[in-house]
Amino acid sequence: NTDAHRVSLLGATFEPALGQVARKSLRSDGAEGLPLASSLRQLAKTTTYSTFTNLVTTMIGAGIVGFPKTFSDGGWVLSPILLLTCAWVVMEIGSVIDACLRMCEDRASKGNRYSFGLKPEKYEDMLEVPFGRPGKITACACCNAFLLLVGGAFMILIAKSLEYITCDQVPYRKAVLGMSFFFAPLTLVNDLTIINRLSVVGVLASMLYVVAIASAGLTTSEAKGVKGDIRYFPESPGAIGKIISVMLLGFTYQMVSPTLRSEMEEPAQFPKALNFAIALVAIVYLLAGVVGFYGWGVDVKGNVLESMISDEGKPLFCGFLLSGAVIANLCVTFPIIMKVANVAFERTFIGDGAYSVPLRLSSFSISFVVGFFCPYFLEFLGIAGALLGVTVGVLM
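Residue numbers (the working numbering): 10 to 405.
Here is the structure:
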């Protein structure tokens, strides 16, 4: 029952995007005409406003904690320009995705047979139409490898947040090891109904991120003014690539867009919902980046949480709020993205209905290794964004 997984926010009721992808990933290829698939699709119809809200909460994630440092690296002049340019680029990409999905539906309606039936519901379905099964496998591998890297970034953030909230009583690597005892068993579970019902935590956390960063930044600026040197442009041209990668990663929605569009009452309204969502997210990122940069200046850390320290070396209240939101949100999100990646790998490389413990533990080990050996959130995020985020979100 998809209704059990829906959340409400500002008058919109929707099933979070990752929950939709996880549900659809369990659908067997060619199940388009089955009564169960048809009934699920009818239950899951969403309005344009709900899709807009879902897109906003999908894009505004824990990566926002790196935006103050990203703005610091880009400077007062270039950072807003790059952010608005990235917003425009992902709007254009959304138009291309919508046109591609319509072409896929048109070809399927003319008698061409595809594994997804008549309507593409997942990102890799789009590449099956022009390139066949090799295209679908390539897209699946890139998308889900990217999810595993994102899982690694999540482990970095959770461990850093635990270290912060315990006032360094739980060292970083011990936090990662502790999380592994919690997450590894969940990686082996297919039924995440209880976790899915906690998706509202992610919605609330998205709002708390902005409130905590803005409040701490303004409080710091009022107390001390802007710290350090005032930077208007990047220190070197080489920094621009990393800045763009992080910003584009902040607008990531592409992998869930076919799923969200397939659930809409009026799929033709998807570009409208997307463009408004991107515009709002751009304003949120601009606010977080500008206020954070203004509050801590060039001294702001890659994870802004590490800057939320008083002169006495004690954590700030806003830091506790932010770290609590990060831990709560990512502890819900991490098992879901692992499920999406694992089911996709099993179905693509083993077969429908396959279940492989070694594969699932291997997938988890990738995220674990990233989290354990690389405690540098923004630096890793920039690499992941440049390596696979841009590939999946822009080039494909």
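We treat Cβ as the ideally placed atom computed from N, Cα and C, and that holds for glycine.
The structure displayed is predicted, hence computed values, not measured ones.
The alpha helix (DSSP H) with residue i in it runs from where to where?
i       : result
Val-349 : 326 to 358
Ala-288 : 279 to 305
Asp-320 : Neither: Asp-320 is in no alpha helix (DSSP H) and is coded neither H nor E.
Tyr-132 : 132 to 174
Lys-251 : 248 to 259
Glu-114 : 76 to 118
Val-378 : 366 to 382
Phe-242 : Unbroken run through Phe-242: none, as it is neither H nor E.
Lys-54  : Segment: none, Lys-54 is in no alpha helix (DSSP H) and carries neither H nor E.
Leu-127 : Where Leu-127 is concerned, there is no enclosing alpha helix (DSSP H), given that its DSSP letter is neither H nor E.
Lys-183 : 181 to 196
Ala-393 : 386 to 393
Pro-267 : 266 to 271
Report yes if the CB atom of residue i is closer than 7 Å to the CB atom of residue j, and no otherwise.
i       : j       : result
Arg-356 : Thr-196 : no
Ala-282 : Thr-56  : no
Cys-176 : Met-135 : no
Lys-128 : Ser-271 : yes
Val-179 : Leu-171 : yes
Ser-316 : Lys-323 : no
Pro-143 : Gly-301 : no
Asp-107 : Phe-260 : no
Gly-160 : Ile-346 : yes
Gly-360 : Phe-80  : no
Glu-133 : Ala-150 : no
Ser-372 : Met-164 : no
Asn-8   : Phe-354 : Limits of the chain in this structure are 10 at one end and 405 at the other, which puts residue 8 out of reach.
Leu-156 : Ala-350 : yes
Glu-321 : Lys-54  : no
Cys-113 : Val-138 : yes
As a quick exercise: from the options, pick the residue whose alpha carbon is nearest that of residue i.
i       : options                               : result
Thr-228 : Ser-254, Tyr-132 and Gly-328          : Gly-328
Val-290 : Phe-343, Lys-251, Thr-79 and Ala-96   : Ala-96
Leu-213 : Val-307, Thr-62 and Ser-372           : Thr-62
Gly-211 : Ser-376, Phe-377, Gly-333 and Pro-367 : Gly-333
Val-198 : Ser-365, Gly-75, Gly-360 and Val-105  : Ser-365
Val-313 : Asn-153, Tyr-58 and Lys-169           : Lys-169
Phe-192 : Ser-104, Ala-150 and Thr-342          : Thr-342
Arg-111 : Phe-326, Asn-351, Pro-276 and Pro-194 : Pro-276
Asp-200 : Ser-215, Pro-344 and Ile-287          : Pro-344
Gly-391 : Leu-295, Pro-367, Ala-162 and Ser-374 : Ala-162
Ile-249 : Tyr-58, Ala-395, Ile-73 and Lys-348   : Ala-395
Leu-325 : Tyr-173, Tyr-181 and Ser-215          : Tyr-173
Ala-393 : Ala-184, Pro-194, Ser-88 and Lys-251  : Lys-251
Leu-295 : Ala-223, Ser-230, Asp-308 and Lys-348 : Ala-223
Lys-348 : Pro-89, Ala-117 and Pro-194           : Pro-194
Ile-239 : Val-105, Phe-140, Asp-308 and Lys-183 : Asp-308
Ser-230 : Phe-140, Val-352, Ser-319 and Arg-182 : Ser-319
Phe-382 : Ala-117, Lys-183 and Lys-131          : Lys-183
Lys-131 : Val-352, Pro-89, Ala-288 and Pro-367  : Val-352
Val-104 : Gly-126, Ala-363, Ile-287 and Gly-362 : First, the residue type needs correcting, since residue 104 is Ser and not Val in the sequence shown. The shortest Cα separation from Ser-104 among Gly-126, Ala-363, Ile-287 and Gly-362 belongs to Ile-287.
If contacts are defined as beta-carbon pairs under 8 Å, then residue i and residue j qualify, I think. What distance do you get, rounded to the angstrom?
i       : j       : result
Val-379 : Leu-93  : 31 Å between Cβ atoms; not a contact.
Gly-304 : Ala-225 : 7 Å
Leu-64  : Leu-331 : About 23 Å; that fails the 8 Å criterion.
If you measure from the beta carbon of residue i to each beta carbon in chain C, is any gap under 7 Å?
i      : result
Thr-55 : Absent from the structure: chain C. Only one protein chain is present.
Original post:
Are there three or more Cβ pairs, one per stretch, closer than 8 Å when the region 65 to 80 is compared with the region 219 to 230?
Top reply: yes
Original post:
Counting Cβ pairs closer than 8 Å, one from the region 253 to 260 and one from the region 387 to 397, do we hit at least three?
Top reply: At 8 Å Cβ cutoff, the stretches touch.
Original post:
Taking one C-beta from the region 243 to 252 and one from the region 73 to 88 each time, how about it: are there three or more such pairs within less than 8 Å?
Top reply: Counting Cβ pairs under 8 Å, three or more are found: they touch.
**OP:** Count the C-beta pairs between the region 330 to 342 and the region 118 to 133 that are closer than 8 Å, then say yes if the count reaches three, no if not.
**Re:** no
Original post:
How about the region 259 to 276 and the region 179 to 193: do they share at least three Cβ pairs that are nearer than 8 Å?
Top reply: no
Original post:
Do three or more CB pairs link the region 268 to 287 to the region 98 to 112 at distances below 8 Å?
Top reply: Touching, yes, given that three or more Cβ pairs across the two stretches are closer than 8 Å.
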